[in-house]
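Counting in UniProt numbering, the sequence shown runs from 1 upward without gaps.
All C-beta atoms in this analysis are idealised placements derived from N, C-alpha and C, irrespective of residue type, glycine included.
It should be emphasised that the depicted structure is a prediction, and the values quoted were computed from it without experimental measurement.
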Amino acid sequence: MSGARAKFSLCVLSFDFTPTERVDAGVLMYYLKCGFRTVTFQFLFHMFTAIMYWLNFCIYVVISVSSCLFEMKDKLRAMGHPAMDAVDREDSHAGCFSDSVGMQTYSLNTSLGAMHIMSRLNNEMSFVEDTASGSFGVVKKGVLDLDRQCYAVKQTKRVISGEGDLQQRLQEVYTLSACSHPNVLRYFDGWVEDRAVFVRTEWLSDGSVADFDRPFSEALLRSVIHQIASALHWLLCHHITHRDVKPENILARKMEDGTYTFKLADFGLARPLFRDRPNTGEEFRGTNDDDGDRRYLSPEAFAISEFSQQKGEADVYALGASCVELMGGDPSLVRNGCYTGNFHIYSAELQNLVQWMTRLDPQERPDAFMVALLTVDPALKSTKGFARRMAAIEGLRASVAELEKKVAEANTTEKEEGGA
1 MSGARAKFSL
11 CVLSFDFTPT
21 ERVDAGVLMY
31 YLKCGFRTVT
41 FQFLFHMFTA
51 IMYWLNFCIY
61 VVISVSSCLF
71 EMKDKLRAMG
81 HPAMDAVDRE
91 DSHAGCFSDS
101 VGMQTYSLNT
111 SLGAMHIMSR
121 LNNEMSFVED
131 TASGSFGVVK
141 KGVLDLDRQC
151 YAVKQTKRVI
161 SGEGDLQQRL
171 QEVYTLSACS
181 HPNVLRYFDG
191 WVEDRAVFVR
201 TEWLSDGSVA
211 DFDRPFSEAL
221 LRSVIHQIAS
231 ALHWLLCHHI
241 THRDVKPENI
251 LARKMEDGTY
261 TFKLADFGLA
271 RPLFRDRPNT
281 GEEFRGTNDD
291 DGDRRYLSPE
301 AFAISEFSQQ
311 KGEADVYALG
321 ASCVELMGGD
331 PSLVRNGCYT
341 GNFHIYSAEL
351 QNLVQWMTRL
361 DPQERPDAFM
371 VALLTVDPAL
381 KSTKGFARRM
391 AAIEGLRASV
401 AELEKKVAEA
411 NTTEKEEGGA
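This is the structure:
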């Protein structure tokens, strides 16, 4: 038995130690004296050392290969290889705009390069298909691989024509990235790819109200007016005007109880109030290809100097004109005082509201808050809680109006003192 153990010990020692190590008779007798357990421990220790050596070697190989790849990438970039332009553009614009809305800037040099090696849309989403198209571009639907949820992706059709145009084309994303309202379409992120702007939004499976049968029932039409007016009021409170309200931009989702949630979409022409134009020397244009559908434009919209000073009155007019279309009429005739279609079948209250919203003088129109208030579900108006909330809201509105008056007076006084 001792002979077998000695032979095993010699095998372990000959395998375990490197050729540079000397195993003399004293060391051999020590291992034989300590027995099998000591030899096994030494064997495991040296095996662990060997594994660590090979692990370090593999890490060294990976680092060396990575360094070579980075050097090759730098050389290709220095040579102006088009593949590097695509990679740089992917790195520059693949992020979510909502993380730092006010700090995103884009260079035309990195944005308008060669075609992407792999489109981000096809790389991140599956089952991508076109769902709508028009002068604005194309709307696609797809499933995001990350969470397996359906999203809509809007791709603008008009190509970017300059540095200032690039910034303007991102206006929709800048405007909506921080918005959170149940009646405003939720925007997630956007990017620039191959001279076009891509914007990813939530997907509403029931399309727009432009696809619904007409004329609308009065209850359904009141619901549309109330929800979109609520969205317009919320936007106005955040100093934003939509400027392209129309049935095609009002999306719908049918709920389990049979009711609909309506959301305002397509903010390609949206503008912050009193916003200064960029000093680029280029013509200002939105992300859309037109300046809004003329059928829904208010009379003052045709006078640019006056229209630029509006505070949401044009959006109220456009919503009223859209209601005429949903009633089965022609919205383009509203400016002439003609309410065609089935306008007469609706209640006098609703007729008066639509006519009020489409007054020629913008100062005579109700604001979005008043429109939303007048179209509240009658069942809610009869509750005591609603009456208390409305009283509190009216008190807040009065306080805000008083503060605005004081601020205006203070600004006037400051200007007069400065002029003197």
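Measure the beta-carbon distance from residue i to residue j and round it to whole angstroms, keeping in mind my assumption that it falls under 8 Å.
| i | j | result |
| --- | --- | --- |
| Tyr346 | Met327 | 7 Å |
| Tyr339 | Val316 | Contact flag wrong, Cβ pair sits at about 16 Å. |
| Arg120 | Ile160 | That belief does not hold up - the Cβ atoms of Arg120 and Ile160 are roughly 17 Å apart, past 8 Å. |
| Ala408 | Leu232 | Actually they do not touch by this definition, with Cβ atoms about 23 Å apart. |
| Glu124 | Asp145 | 6 Å |
| Ala229 | Ala372 | 4 Å |
Of the choices the options, whose alpha-carbon is the least far from that of residue i?
| i | options | result |
| --- | --- | --- |
| Tyr260 | His238, Phe212, Leu232 and Arg294 | Phe212 |
| Pro215 | Val143, Ser133, Gly329 and Phe57 | Gly329 |
| Val128 | His238, Ala152 and Phe136 | Ala152 |
| Arg397 | Cys237, Ser133, Val334 and Asp293 | Cys237 |
| Val354 | Ala132, Ser399, Val224 and Ile240 | Val224 |
| Leu360 | Phe343, Glu417, Ser322 and Pro299 | Pro299 |
| Ala210 | Ala401, Ala348, Lys311 and Ala321 | Ala321 |
| Pro378 | Asn336, Pro182 and Arg222 | Arg222 |
| Leu176 | Val61, Glu202, Ser208 and Cys58 | Glu202 |
| Gly190 | Ser208, Gln167 and His181 | Gln167 |
| Ile240 | Lys311, Met255 and Gly162 | Lys311 |
Considering only the beta carbon of each residue, do residue i and residue j sit closer than 8 Å?
| i | j | result |
| --- | --- | --- |
| Lys141 | Gln155 | no |
| Tyr187 | Val199 | yes |
| residue 434 | Met370 | There is no way to answer for residue 434, as the model of the chain reaches only from 1 to 420. |
| Ala314 | Ala301 | yes |
| residue 486 | Val184 | Limits of the chain in this structure are 1 at one end and 420 at the other, which puts residue 486 out of reach. |
| Ala252 | Asp206 | yes |
Per DSSP, which one or two residues make a beta bridge with residue i?
| i | result |
| --- | --- |
| Asp189 | Arg200 |
| Arg253 | Thr261 |
| Leu146 | For Leu146, which the question treats as bridged, DSSP gives no partner whatsoever. |
| Lys155 | Here the sequence assigns Gln to residue 155, which means Lys is not the residue at that position. Answer is Val138 and Phe198. |
| Ile160 | Partner(s): none; Ile160 has no beta bridge. |
| Met125 | Leu144 |
| Val184 | Leu264 |
| Ala368 | Partner(s): none; Ala368 has no beta bridge. |
| Ala132 | Val139 |
| Ser208 | Leu251 |
Using 10 angstroms around the beta-carbon of residue i, count the other beta-carbons present and answer buried if the total reaches 16, otherwise exposed.
| i | result |
| --- | --- |
| Thr413 | exposed |
| His242 | buried |
| Gly395 | exposed |
| Gln227 | buried |
| residue 423 | The chain is shown only over 1 to 420; residue 423 falls outside these bounds and no answer can be derived. |
| Val23 | With a pLDDT of 45 at Val23, under the threshold of 50, the modelled position of this residue cannot be trusted, and the question is left open. |
| Arg388 | exposed |
| Gly113 | Because the pLDDT at Gly113 is just 38, under 50, the model does not fix this residue reliably, and the point stays unresolved. |
| Leu235 | buried |
| Pro247 | buried |
| Gly418 | exposed |
| Gly164 | buried |
| Thr287 | With a pLDDT of 42 at Thr287, under the threshold of 50, the modelled position of this residue cannot be trusted; read the value that follows with caution. Classification for Thr287: buried. |
| Ser208 | buried |
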